[in-house]
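Start counting the sequence shown at 1; every next residue gets the next number (the UniProt record's numbering).
Comments concern the structure below.
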Amino acid sequence: MITGTVWVPPSALASMIEELAQLATQPSPDPVTVDRIRELRKTLRRSETEIKPDDGLVEPGMRVTAMLSGDTRATVFLLGERELVSRDPGVDIDVYSPSSPVGRAIIGSYVGATVTYATPSDPSVQIEILAAVPYKG
1 MITGTVWVPP SALASMIEEL AQLATQPSPD PVTVDRIREL RKTLRRSETE IKPDDGLVEP
61 GMRVTAMLSG DTRATVFLLG ERELVSRDPG VDIDVYSPSS PVGRAIIGSY VGATVTYATP
121 SDPSVQIEIL AAVPYKG
(Lines of atoms letter the chains of each structure in order from A and count residues from 1; the text may use other names and numbers.)
(Lines give C-alpha, C1' and ligand atoms only; values in the text may rest on other atoms or scores of the structure.)
Protein backbone atom coordinates (compact mmCIF):
# COMPACT_ATOMS: atom_id res chain seq x y z
CA MET A 1 0.00 0.00 0.00
CA ILE A 2 1.23 3.47 -0.89
CA THR A 3 1.26 6.12 1.82
CA GLY A 4 2.04 9.84 1.62
CA THR A 5 2.03 11.93 -1.55
CA VAL A 6 2.96 10.05 -4.70
CA TRP A 7 3.99 11.32 -8.12
CA VAL A 8 2.30 9.75 -11.15
CA PRO A 9 2.45 10.57 -14.86
CA PRO A 10 -0.68 12.42 -16.02
CA SER A 11 -1.79 9.54 -18.27
CA ALA A 12 -1.55 7.12 -15.33
CA LEU A 13 -3.75 9.47 -13.30
CA ALA A 14 -6.28 9.53 -16.13
CA SER A 15 -6.22 5.72 -16.24
CA MET A 16 -6.96 5.50 -12.51
CA ILE A 17 -9.82 8.01 -12.82
CA GLU A 18 -11.29 6.02 -15.70
CA GLU A 19 -11.04 2.76 -13.75
CA LEU A 20 -12.69 4.36 -10.72
CA ALA A 21 -15.54 5.71 -12.86
CA GLN A 22 -16.16 2.28 -14.35
CA LEU A 23 -16.08 0.51 -10.99
CA ALA A 24 -18.22 3.11 -9.23
CA THR A 25 -21.07 2.72 -11.73
CA GLN A 26 -21.56 -0.97 -10.94
CA PRO A 27 -25.00 -1.41 -9.32
CA SER A 28 -23.94 -3.97 -6.67
CA PRO A 29 -20.17 -4.15 -6.43
CA ASP A 30 -18.67 -7.21 -4.76
CA PRO A 31 -16.31 -6.82 -1.76
CA VAL A 32 -13.19 -7.00 -3.97
CA THR A 33 -14.52 -4.19 -6.15
CA VAL A 34 -15.44 -2.10 -3.10
CA ASP A 35 -11.87 -2.52 -1.79
CA ARG A 36 -10.44 -1.51 -5.19
CA ILE A 37 -12.65 1.60 -5.25
CA ARG A 38 -11.37 2.57 -1.78
CA GLU A 39 -7.77 1.97 -2.84
CA LEU A 40 -8.16 4.06 -6.00
CA ARG A 41 -9.80 6.93 -4.13
CA LYS A 42 -7.05 6.94 -1.51
CA THR A 43 -4.32 6.88 -4.15
CA LEU A 44 -5.99 9.62 -6.20
CA ARG A 45 -6.21 11.87 -3.13
CA ARG A 46 -2.45 11.48 -2.64
CA SER A 47 -1.42 11.78 -6.29
CA GLU A 48 0.49 14.65 -7.79
CA THR A 49 1.29 15.01 -11.49
CA GLU A 50 3.15 18.29 -11.72
CA ILE A 51 6.42 18.36 -13.62
CA LYS A 52 9.14 18.81 -11.03
CA PRO A 53 11.47 21.83 -11.20
CA ASP A 54 14.75 21.31 -13.05
CA ASP A 55 16.89 22.15 -10.04
CA GLY A 56 19.05 19.02 -9.74
CA LEU A 57 17.19 17.75 -6.69
CA VAL A 58 16.45 14.02 -6.75
CA GLU A 59 12.78 13.38 -5.97
CA PRO A 60 9.94 11.26 -7.35
CA GLY A 61 9.08 12.33 -10.88
CA MET A 62 12.71 12.81 -11.89
CA ARG A 63 14.64 11.00 -14.63
CA VAL A 64 17.87 10.14 -12.85
CA THR A 65 21.20 9.24 -14.42
CA ALA A 66 23.54 7.61 -11.91
CA MET A 67 26.73 5.58 -11.76
CA LEU A 68 26.88 2.66 -9.37
CA SER A 69 30.24 1.87 -7.84
CA GLY A 70 32.02 -0.70 -9.97
CA ASP A 71 29.91 -0.06 -13.08
CA THR A 72 31.36 1.30 -16.30
CA ARG A 73 28.05 2.54 -17.70
CA ALA A 74 25.56 4.92 -16.19
CA THR A 75 22.08 3.77 -15.22
CA VAL A 76 19.06 5.85 -16.23
CA PHE A 77 15.75 5.43 -14.44
CA LEU A 78 12.56 7.18 -13.42
CA LEU A 79 12.08 7.59 -9.69
CA GLY A 80 8.44 6.74 -8.99
CA GLU A 81 6.01 4.14 -7.71
CA ARG A 82 6.33 1.26 -10.16
CA GLU A 83 2.72 0.12 -9.78
CA LEU A 84 1.41 3.58 -10.66
CA VAL A 85 3.92 4.47 -13.34
CA SER A 86 3.28 1.14 -15.08
CA ARG A 87 -0.21 2.42 -15.91
CA ASP A 88 1.44 4.76 -18.43
CA PRO A 89 2.38 2.75 -21.54
CA GLY A 90 4.66 5.59 -22.65
CA VAL A 91 7.16 5.00 -19.85
CA ASP A 92 10.03 3.30 -21.62
CA ILE A 93 12.75 3.39 -18.96
CA ASP A 94 13.32 1.46 -15.75
CA VAL A 95 11.39 2.65 -12.72
CA TYR A 96 12.94 2.64 -9.25
CA SER A 97 10.66 3.01 -6.26
CA PRO A 98 11.31 5.80 -3.76
CA SER A 99 10.95 3.16 -1.04
CA SER A 100 13.64 0.87 -2.52
CA PRO A 101 17.10 0.95 -0.92
CA VAL A 102 18.52 3.09 -3.72
CA GLY A 103 15.42 5.31 -3.80
CA ARG A 104 15.57 6.02 -0.07
CA ALA A 105 19.30 6.77 -0.35
CA ILE A 106 19.14 9.25 -3.22
CA ILE A 107 15.95 11.19 -2.46
CA GLY A 108 16.91 14.67 -1.34
CA SER A 109 20.39 14.54 -2.84
CA TYR A 110 21.56 16.75 -5.69
CA VAL A 111 23.42 16.20 -8.92
CA GLY A 112 27.09 15.56 -8.13
CA ALA A 113 26.41 13.84 -4.81
CA THR A 114 27.65 10.36 -4.03
CA VAL A 115 25.56 8.44 -1.51
CA THR A 116 25.94 5.05 0.10
CA TYR A 117 23.19 2.52 0.71
CA ALA A 118 22.91 -1.10 1.76
CA THR A 119 21.59 -4.07 -0.20
CA PRO A 120 21.12 -7.63 1.05
CA SER A 121 24.41 -8.60 -0.60
CA ASP A 122 26.48 -5.44 0.00
CA PRO A 123 26.27 -3.14 3.04
CA SER A 124 27.95 -0.18 1.32
CA VAL A 125 27.01 0.38 -2.31
CA GLN A 126 27.92 3.82 -3.61
CA ILE A 127 25.96 5.66 -6.27
CA GLU A 128 26.88 8.98 -7.85
CA ILE A 129 24.09 11.21 -9.17
CA LEU A 130 25.14 12.43 -12.62
CA ALA A 131 21.84 14.05 -13.66
CA ALA A 132 18.31 14.52 -12.35
CA VAL A 133 15.83 16.12 -14.73
CA PRO A 134 12.04 16.30 -14.66
CA TYR A 135 10.37 13.35 -16.37
CA LYS A 136 8.22 14.62 -19.22
CA GLY A 137 7.26 11.36 -20.86
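Even glycine gets a Cβ: it sits at the ideal position worked out from N, Cα and C.
The structure presented is a predicted model; accordingly, all values stated were derived computationally and were not measured.
Under 9 Å between C-beta atoms of residue i and residue j
i    : j    : result
I129 : T119 : no
G56  : Y117 : no
V85  : T43  : no
L40  : E59  : no
V76  : S47  : no
A131 : V64  : yes
DSSP-derived helix/strand/coil call for residue i
i    : result
A131 : strand
A66  : strand
Q126 : strand
V85  : helix
V102 : helix
M1   : No answer about M1 holds up, because its pLDDT of 44 lies below 50 and its placement is not dependable.
G137 : coil
V6   : strand
Residue range of the alpha helix (DSSP H) that includes residue i
i           : result
residue 138 : The structure shown does not extend to residue 138, since the chain is modelled only from 1 through 137, so no value can be given for it.
L78         : From DSSP, L78 is part of no alpha helix (DSSP H) but of the beta strand (DSSP E) over T75 to L79.
E59         : Looking at the DSSP string, E59 is not in any alpha helix (DSSP H), and its letter there is neither H nor E.
S15         : P10 to A24
Where the beta strand (DSSP E) through residue i begins and ends
i    : result
T43  : Note, T43: premise wrong, no beta strand (DSSP E); alpha helix (DSSP H) at P31 to R46.
Y110 : Segment: none, Y110 is in no beta strand (DSSP E) and carries neither H nor E.
Burial state of residue i (16 or more Cβ within 10 Å)
i    : result
K52  : buried
S28  : exposed
I17  : exposed
G103 : buried
I127 : buried
A12  : buried
P98  : buried
Original post:
If we count Cβ pairs, one from each stretch, closer than 8 Å, do we get three or more for the segment 92 to 100 versus the segment 22 to 40?
Top reply: no
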